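Engineer:
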Amino acid sequence: MPFPEQVDNHTLARLANHYARFQIREGTSQLQNNLYDIDKQAALNKALADIRQAFAKEDFFLNIETTITRFEKRIADCKKFSIGNCHELALMALDYMIRNQPNVHAEVYSIEGGDHAFLVIGRKIDSDPEKPETWGDEAYICDPWSNHVYPAAEYLDKTKNFYYITTPDGRQINYIEDFDPSRHKMVPVQNQNSIHFLQESSKLNTILLDVFTTINERHCAIFDELANDLNEISIKLNKKYGQNDPKVKILNEKINIIREETAKMRSEFNDYAQRLRSEMNPETYHAHKEINDDLQRMMKNRLKNLREAKVLSTEESTGLDTYRKEDSLITIIMKFLHIKPTSSREYKAAISKSEEQLSEFSDLITTSLRT
C-alpha cells in the first residue's frame, strides 16, 4: 500500500531490497551456492529453468501479452516458488516500488559487457541514463542480489559484476568482480521501469474493465429476459385465476428474487468499476491479475446466486406440478402420458432457455479470448 507521506529514496531502496530478498530466497547465481553439492546446484538450475520455460508458454488473459502481463506473471511465479537470480530480484524490487511509491522513478539496469542486474531508484529524468555520475544525489542503486544499497554516485567503488565457471565435474562456481569502466557499462533494460509499467497497467486495466462490463451486462440481460418470460406466465395465470392463485405467488416470488439478484450483480460490478476507473491513471498501479481475479470472483458468486434463485424448492415444484382438476379427463390423460401442467412446462422451458443462453455465451467468451 502506498506510503501516506514522502519517504527518502535511500529508505525506499532499503525497503525494496528487503522486500525482494524476502520474496526470493534461492537462485543459481548466489555466492552461497558455491557451498552446495552438485545435486543441489542441479536441482536449483532445473527449478529456475522450469519456471522460465513455463513462463514462456503462459497463456495470457484476453490473449493480451504485454510487458506488464509478463512482468506480473514473472513476479507471481517468483513469489510462488521463492526462486530467482539477480534479474528476478531487481524486478521484485521494482514491484515493491510501483506498488508502494509509484511516483518515484525506478528502473531495472544491467551491466553491458558483464552479467548482472539491479534497480536504480530516483535517477534524474534529464540525466544521461548510462552515466551514473549525472543521476543526482537522490539516485540510489538497490542490488538485492548482493544485499547492497548505496548512492549511485558511489557506483565505481561498490558495483560488482557477476560471472561463473563450470568445473570439469559439472559444478558451477560463482564469482564477483569489480565494475570496470573499460569493459562494463550500465544500461537500462528496455521497458522495465516504473513509468512504462504504470502506463501499460492503466491501458490494460481499461481494456479489462471494458471487456468485463460487456460480459457482466450480457449476463444481466439473460436474467432480465428470464424474469420477463416468467412474468408473462404469471400475467396469464393472474388474468385467469387471480393474484392470490398459489402458482401466481410462486412465480412472482421467483421473479422478484431473480430481479433483486440481477440488480445486485449490476450494482456491485458498476460500483467496483466506477471506483477503479476513478483511481486509474498513469501514476497509480493496480495489478492486472488481481483486478481480473476480483472481477472473476465477483461474477462467479453473483451467477451462482442467480442460478440458485431460479431453482424451485420441493414445495414450489409440487405447487407448479399440481393439476387444477384432478378428476378431469384431460388431467387423467396428461398424467398417463407424464405431461406436466402448462405452468410447470412453461417455467422449465424458460429456465432451459436461460441456461442455453448462458452456455452459448460462455462458449463465445472462451472462443473469443483464445483466438
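The sequence shown begins at 357 in the numbering used here and counts up by one.
Where a beta carbon is used, it is the ideal one built from N, C-alpha and C, also for glycine.
If you're wondering where the values come from, they're calculated on a predicted model, not measured in any experiment.
#1: Give the C-beta separation of residue 530 and residue 462 to the nearest angstrom, bearing in mind that I take them to be a contact with Cβ-Cβ under 8 Å.
#2: Suppose contacts are defined by Cβ-Cβ distances below 9 Å. Is residue 476 in contact with residue 460 by that definition?
#3: Measuring CB to CB, does residue 435 end up less than 9 Å from residue 448?
#4: Could you give the residue range of the beta strand (DSSP E) that holds residue 562?
#5: Among 573, 369, 712 and 604, which one has its Cα closest to the Cα of residue 624?
#6: From this set, 657, 482 and 506, which residue's C-alpha is nearest residue 497's C-alpha?
#7: In whole angstroms, give me the CA-to-CA distance for residue 398 and residue 659.
#8: By alpha-carbon positions, which one of 400, 553 and 368 ends up nearest to residue 382?
#9: Assuming residue 535 is part of the alpha helix (DSSP H), what are its boundary residues?
#10: Classify residue 425: buried if its beta carbon has 16 or more other beta carbons within 10 angstroms, exposed otherwise.
#11: Identify whether residue 544 lies in helix, strand or coil by the three-state DSSP scheme.
#12: Between the Cα of residue 656 and the Cα atoms of 595, 458, 714 and 442, which residue gives the shortest distance?
#13: Under the three-state reduction of DSSP, which class applies to residue 602: helix, strand or coil?
#14: In the DSSP assignment, find the alpha helix (DSSP H) that holds residue 451 and state where it starts and stops.
#15: So does the segment 560-568 actually touch the segment 616-636, counting three or more Cβ pairs closer than 8 Å?
#16: Answer with buried or exposed for residue 705, where buried requires no fewer than 16 other C-beta atoms within 10 angstroms of its C-beta.
#17: Three Cβ pairs or more, each shorter than 8 Å: is that satisfied between the segment 466-483 and the segment 438-445?
#18: According to DSSP, which residues form a beta bridge with residue 528?
#19: The beta strand (DSSP E) that contains residue 431, what's its start and end?
#20: Look up residue 499 in the DSSP assignment and give the residues it is bridged to.
#21: Suppose you measure from the CA of residue 540 to the CA of residue 467; what does that come to, to the nearest Å?
#22: Between residue 594 and the rest of its own chain, which residues show a CB-CB distance below 8 Å, the 5 nearest in sequence each way excluded?
#23: At the level of alpha carbons, what is the spacing between residue 482 and residue 491?
#24: On a Cα-Cα basis, can you pick out the residue from 661, 667, 640 and 628 that is closest to residue 649?
#25: In the structure shown, what three-state DSSP assignment does residue 739 receive?
#26: Determine the extent of the alpha helix (DSSP H) in which residue 671 is found, giving its start and end residues.
#27: Classify residue 462 as helix, strand or coil using the three-state DSSP reduction.
#28: Does DSSP put residue 416 in a helix, in a strand, or in coil?
#29: Put residue 394 into one of helix, strand or coil per three-state DSSP.
#30: Which one or two residues does DSSP pair with residue 611 in a beta bridge?
#31: Compare the beta carbon distance of residue 554 and residue 458 with 9 Å and say whether it is the shorter of the two.
#32: For the alpha helix (DSSP H) containing residue 512, list its first residue and its last residue.
#33: Out of 689, 590 and 584, point me to the one whose CA is closest to residue 710's CA.
#34: Run the CB neighbour count on residue 427, radius 10 Å, all protein chains shown included, and call it buried at 16 or more, exposed below.
#35: Is the distance from the Cβ of residue 607 to the Cβ of residue 578 below 9 Å?
Structural biologist: For this structure:
#1: Going by Cβ atoms, the distance from residue 530 to residue 462 rounds to 26 Å, so no, they are not a contact pair.
#2: Cβ distance not < 9 Å, so residue 476 and residue 460 don't count as in contact.
#3: Taking 9 Å as the Cβ cut-off, residue 435 and residue 448 qualify as a contacting pair.
#4: That residue, residue 562, is in no beta strand (DSSP E); its alpha helix (DSSP H) goes 550-597.
#5: Taking only the C-alpha atoms, the option nearest residue 624 is 573.
#6: With distances taken between Cα atoms, residue 497 lies closest to 506.
#7: The alpha-carbon atoms of residue 398 and residue 659 are separated by roughly 47 Å.
#8: Comparing Cα positions, the closest option is 400.
#9: Per DSSP, residue 535 belongs to no alpha helix (DSSP H) and is neither H nor E.
#10: So residue 425 counts as buried.
#11: Here residue 544 sits in strand by DSSP.
#12: The shortest Cα separation from residue 656 among 595, 458, 714 and 442 belongs to 714.
#13: In this structure, residue 602 counts as helix in the three-state DSSP scheme.
#14: Looking at the DSSP string, the run of the alpha helix (DSSP H) that includes residue 451 is 442-456.
#15: Yes: the two stretches touch, three or more of their Cβ pairs being nearer than 8 Å.
#16: Residue 705 is classed as exposed because its beta carbon has fewer than 16 other beta carbons within 10 Å across all chains shown.
#17: Three or more Cβ pairs closer than 8 Å define a contact, and the segment 466-483 meets that threshold against the segment 438-445.
#18: DSSP output for residue 528 lists 522 as bridge partner(s).
#19: Where residue 431 is concerned, there is no enclosing beta strand (DSSP E), although the alpha helix (DSSP H) it sits in stretches over 423-437.
#20: Answer is 504.
#21: Counting only the Cα atoms, residue 467 lies some 6 Å from residue 540.
#22: Here residue 594 has 601 and 604 as same chain residues with Cβ atoms under 8 Å from its own Cβ, once five neighbours each way along the sequence are excluded.
#23: Answer to the nearest angstrom: the Cα atoms are 8 Å apart.
#24: With distances taken between Cα atoms, residue 649 lies closest to 628.
#25: For residue 739 there is no data in the structure shown, the boundaries of the chain being 357 and 727.
#26: That run of the alpha helix (DSSP H) goes 670-677.
#27: Of the three classes helix, strand and coil, the one that applies to residue 462 here is strand, per DSSP.
#28: Here residue 416 scores only 46 on pLDDT, less than 50, and its place in the model is too uncertain to base an answer on.
#29: Assigned with DSSP and collapsed to three states, residue 394 falls in helix.
#30: Residue 611 is not bridged to any residue.
#31: A contact, by the Cβ cut-off of 9 Å.
#32: Residue 512: member of the alpha helix (DSSP H) spanning 511-514, first to last residue.
#33: Out of 689, 590 and 584, 584 has the C-alpha closest to the C-alpha of residue 710.
#34: Counting Cβ neighbours within 10 Å, residue 427 comes out buried, since at least 16 surround it.
#35: No.
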